[in-house]
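Just so we're aligned, residue 19 is where the sequence shown starts under the numbering used here, counting upward by one.
Take a look at the structure set out below.
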Amino acid sequence: MEALSFLIYPFLACLLLILIHAYFGIHILQRGIIFVDLALAQFIGIGIALSFVLGEEKVFLLSLVFAFLGAFILSLSKHASQYVNIEAFIGVLYIFSFSASILILDKSPHGLEEFKTILNGNILWVTPQQLLATLGLYAAVGLFHFLLRRQFFALTFEGKGNIFLEFLFFASFALVLIKSVLMAGILQVFSFLVIPALIGRLFFRETAKILLTGWLVGVLVSVVGIFLSFKLDIPTAPVIVAGLALMFFAMLVVKIRYAKKDVQISS
């Protein structure tokens with residue numbers, strides 16, 4: 019029972035993460051900008067890296083500054099796509115932010131450990147206070163997207179919108195990522211964004227069904243991953259990331275097998 023009460027907080031953290039990131043994942047996959055989360059999260063990582071050097075009390079402010087800077091740059095990506103491949107544009111942004119984080123942490127006596135913290139987070143030790151703050155932020159962003167759902171879905175699925183609407187989308191996404199990266203690390207956040215929605219898209223085309231499937235997959239893998247991490251004393255984020263990846267490949271095999279059967283039946 020003591021172990022169960024200890025694990026409830028990281029599970030609730032994963033639940034919050036999967037609820038909002040699966041939604042954003044639908045937008046990201048539809049737009050075909052798969053690595054935008056890595057780029058924006060790593061941009062936020064510059065702020066986190068600076069806070070390790072300048073003082074950890076400045077972590078949220080510095081993360082916020084770089085989050086909005088990254089959101090502004092990404093809001094211009096649609097216009098940049100007229101001149102350069104969009105994934106290449108995002109890749110350059112990611113490489114820059116990754117390199118900048120390494121250069122900053124090179125001046126820190128514990129640079130390697132701090133860099134691992136940015137990548138993996140520390141979700142197993144999340145506190146109730148962190149959960150409440152994260153819930154408040156996610157709820158505010160969720161309400162914002164609900165109120166502007168028609169505009170955001172038109173932007174994603176029909177390409178209708180302007181730079182300001184693009185900035186609002188990426189800025190709200192960046193706000194979510196600040197809390198997410200600080201709590202769970204870049205790797206787990208990226209996996210929650212892409213893999214659950216990707217699994218949903220294997221079997222469904224309706225947005226609601228994709229979202230529900232993503233939520234279910236994310237919750238199941240998180241429960242197993244957190245338990246294994248605790249029992250085996252291994253990092254939580256890589257376990258969950260590996261679990262989601264294995265789940266995707268398993269579901270892909272299922273999809274291919276059923277697709278072949280459908281072809282044989284129809285022929």
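All C-beta atoms, glycine included, are put in the ideal place defined by N, C-alpha and C.
All values derive from a computational prediction rather than experimental measurement.
What do you reckon, are the CB atoms on residue i and residue j nearer than 8 Å?
i      : j      : result
Ser95  : Ile108 : yes
Leu58  : Gly88  : yes
Ala189 : Phe42  : no
Phe61  : Phe90  : no
Gly243 : Thr254 : yes
Leu32  : Ile141 : One detail in the question is off: residue 32 reads as Cys in this sequence, not Leu. Going by C-beta atoms, Cys32 is nearer than 8 Å to Ile141.
Ser240 : Ile36  : yes
Leu149 : Leu30  : yes
Leu220 : Leu270 : yes
Ser51  : Ile120 : Looking at the sequence shown, residue 51 is not Ser but Ile. Their beta carbons are not under 8 Å apart, which means Ile51 does not touch Ile120 by this criterion.
Val159 : Ile38  : yes
Leu34  : Leu153 : yes
Ile181 : Ser99  : no
Quick check on residue i: buried or exposed, where buried means 16 or more other Cβ atoms within 10 Å of its Cβ?
i      : result
Pro28  : buried
Asp55  : buried
Tyr276 : exposed
Gly63  : buried
Tyr101 : exposed
His97  : exposed
Gly73  : exposed
Ile122 : buried
Val194 : buried
Glu184 : buried
Ser117 : exposed
Quick one: residues in its chain with C-beta nearer than 8 Å to the C-beta of residue i, no 5 flanking neighbours on either side, listed in chain order?
i      : result
Ser81  : Ile62, Gly65, Ile66, Ser69, Ile196, Val199, Leu200
Leu229 : Ala40, Tyr41, Ile44, Ala215, Gly218
Between residue i and the ligand ATP, is there a pair consisting of the residue's CB and a ligand heavy atom that are separated by less than 7 Å?
i      : result
Gly154 : This structure does not include the ligand ATP; it has no bound ligands of any sort.
Got a sec? Which residues, its chain only, sit under 6 Å from residue i by beta carbon, not counting five neighbours each side?
i      : result
Ser209 : Val259, Leu262
Leu155 : Lys197
Residues in the same chain with beta-carbon distance under 7 Å from residue i, minus the five sequence neighbours each way, listed in chain order, please.
i      : result
Val235 : Pro214, Ile217, Met265
Phe187 : Phe170, Leu173
### Message
Taking contact to mean 3 or more Cβ pairs, one atom from each stretch, closer than 8 Å, check whether the region 213 to 220 and the region 196 to 203 are in contact.
### Response
By the criterion of at least three beta-carbon pairs nearer than 8 Å, the region 213 to 220 is not in contact with the region 196 to 203.
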